[in-house]
Amino acid sequence: MNVLVVGSGGREHALAWKIAQSPLAGRVYCAPGNPGIARVAECVDIGVNDFDALVAFANDKSVDLAVVGPEDPLSKGVVDRFAAEGLKAFGPDAAAAQLEASKSFAKRLMAKYNIPTAEYAEFDTPDAAISYVKEKGAPIVIKADGLAAGKGVTVAHDVDTAVAAIDAAMSARVFGDAGDKVIVEECLVGEEASILAFADGARVVAMVPSQDHKPVNDGDTGPNTGGMGAYSPAPVVDDALLDVIHRTILQPCVDGMAEEGAPYKGVLYAGLMITEAGPRVVEFNCRFGDPETQVVLPRLQSDIVPALVACCDGALDSVQLEWDSGACVTVVMASGGYPGAYEKGKPITGIDDAEGEPGVVVFHAGTGAAGDGLLTNGGRVLGVTASGAGIPAAIDAAYRAVDCIRFEGAHYRTDIGKKALVRLGRTG
Ligand code: AMP
Ligand code: GLY
C-alpha cells in the first residue's frame, strides 16, 4: 500500500516512522514533511490545507491510504474531500471533527450522553459571560469555542483574569471567529492524562495512556505550549481506570456521535483530568496528540497500518493491538523564546550522537534543511525520545540524548516524567 501522511511536525514524524516499518507499506509520502521525516518517507511540498493538490498527488501516485495529522485540515473537511474522490483517508470527516473544532458541540454532546466533564455554560455576548463569572467566582476556566491553535483556554485564578480573557476573546477578538462564543467552565482539580483511541464509527480501542507537559517551565510553571514532553505509561491511569474511561467516556462518545449522525472514525483523543471523583473530560481532540504520539507509537508492537485501515473500514473488531510493557519518554527541545517570539535558522548538531544512545529516536518537529546541515525552523524543534524498561530508565536515556544536541537558544524542561516517578514512589 502506498501511504500519504499529511502534516509536518513531530507527530507526523512518529506516524511516518511507524508506518514505514509496516510490511504492508509500499511507498510512504509526507506532505509537506520535514528533514527528519525525509529519512523515512518521500516529502512533497504541498501544504496541509491545499486539498486540490493533495488529492491530485494521491491520485497521481496511487496512494491507497492518506493519514491526516493536524486538526485544521480535518475540521475543514480533508477526509470528506478524499472520500469524494474515492480515496481512503484516516481521520474524522468535517462533521465528526466538530468534536474538537467546536467546544460548544463537544460540551452539548457530553451533556446529552452523560459523559463526565466540568460543569459549564456557554455565552455569545461578553456581558452575560462576565456576569456569570462574577456570580461563580474564581478559580474558573474560560475557553474560546473554536480552534485557537491551543491558545484559547485560560485557567483563571481570579475574577479579573477571567474577565480579561472574556474581553480578549469576545471584544478584542484575538482568536477571530473562534471567540464568537465562549465556554465558562468549572475548574477541575487533579492530574491530567491523555487517552488516544482508535475509532471505526462504532467501536473504540484505547491505546496506552500517556501524559503531556503543557507549561513551558519545570514544575508546570510559565505559559502553556503545544506540549514540552510526554511519557507513557501514565501510572495515574491503571488498567481498572482505563476500563472505566472506556465504559463511561470513549464508548459513550462514539455511540453518541453515531446517534447524532456524525459517526466518528480516526483517533479519538480524550484529554482527561483524573479527579477525586473520577475521570472528567477536559477536551476531546479529533487527531493524534503531539507530543503524546511520540511516546505511544514506539510502544506499539503491532503493525499500525491494519489498525488505520480498520478505522476507515468500520472493522476494528479484526484488529488486536500488542503493546510493549516498557516505557517511553519524549523531551521536547524548543527555540529560545518559545512559546513567545523566537528566531529560526539556528544550526543544530549532535542528533546522530543522540541516536547512538540505545533506544533513542529523535523526532523532528520544527527543522529545516540547509545543504547537509539542519536548522531550527519552528518553536518546538525536536522530540528527543527514548524507550526503556521502565520510566526511570527511559527518562535517563532521553536526557543523555538531549545532552548530545546543541542549537543556540535551545531550552527544554528538566522534569519530564517526574510526576510518574512520584506516583511510582521514587523521588527521581
Ligand atoms: P485545552 O487547550 O482545552 O487542552 O486546555 C489547555 C489546558 O487548560 C488543559 O490541558 C488543562 O491543563 C487546562 N484546563 C482546561 N480546562 C480545564 C478545566 N475545566 N479545569 C482545569 N483545567 C483546565
Ligand atoms: N498535546 C496536546 C495536543 O496534542 O493537543
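Start counting the sequence shown at 4; every next residue gets the next number (the working numbering). The C-beta atom is built at its ideal place from N, Cα and C for all residues, glycine as well.
Here the alpha carbons of GLU295 and VAL384 stand approximately 15 Å from one another. Contact check for VAL9 against LEU57 passes: the beta carbons are separated by less than 9 Å. Under the three-state reduction of DSSP, THR157 is assigned to strand. Following the DSSP letters along the chain, one finds ASP203 in no alpha helix (DSSP H) but inside the beta strand (DSSP E) bounded by residues 194 to 203. Under DSSP, LEU271 forms a beta bridge with ALA200.
The C-alpha of ASP221 lies about 25 Å from the C-alpha of PRO301.
In the three-state reduction of the DSSP assignment, PHE410 falls in the coil class, being assigned neither a helical nor a strand state. Boundaries of the alpha helix (DSSP H) around LYS21: 13 to 23. Shown here for PHE287: same chain residues with a beta carbon closer than 8 Å to its own, the five before and five after excluded, namely LEU102, GLU103, ALA109, CYS256, LEU271, TYR272, ALA273 and GLY274 in chain order. In this structure, ALA233 has its beta carbon less than 8 Å from a heavy atom of the ligand GLY. Rounded to whole angstroms, the separation of the alpha carbons of GLU138 and PRO342 is 33 Å.
Nearest to ARG409 by C-alpha distance, out of GLU45, LYS349 and ALA243, is LYS349. Taking one beta carbon from each stretch, the segment 234 to 245 and the segment 416 to 424 have 3 or more pairs nearer than 8 Å; the two touch. Taking 8 Å as the cut-off, one finds no heavy atom of the ligand AMP near enough to the beta carbon of LYS421. Of the heavy atoms belonging to the ligand AMP, at least one sits nearer than 8 Å to the Cβ of ASP215. By the 16-neighbour rule on beta-carbons within 10 angstroms, ASN52 is exposed. Secondary structure note for TYR234: its beta strand (DSSP E) is the uninterrupted segment 232 to 235. DSSP, reduced to helix, strand and coil, places ALA69 within a strand of the structure shown. With a minimum length of 4 residues, the unbroken runs of alpha helix (DSSP H) contained wholly in the segment 125 to 153 fall at 129 to 139. Per DSSP, reduced to three states, the secondary structure at THR228 is coil, with no helix or strand assignment. Spatial neighbours of GLY204 in its own chain (CB-CB distance under 7 Å, excluding positions within 5 residues in sequence) are listed in chain order as ALA261, PRO266, TYR267, LYS268 and GLY317. In the three-state reduction of the DSSP assignment, ASN62 falls in the helix class. Apart from sequence neighbours up to five positions away, the residues of its chain that approach ASP327 with a beta-carbon distance below 8 Å are PRO301, ARG302, LEU303, GLN304 and SER390, ordered along the chain. A straight-line Cα-Cα distance of about 19 Å links ARG283 and ALA147. ASP55 is not a Cβ neighbour of LYS91, given a cutoff of 9 Å. When the five nearest sequence neighbours on each side are left out, no beta carbon in the same chain lies closer than 6 Å to the beta carbon of ASP170.
A Cβ-Cβ separation of about 5 Å places GLY193 in contact with MET276 under the 8 Å criterion.
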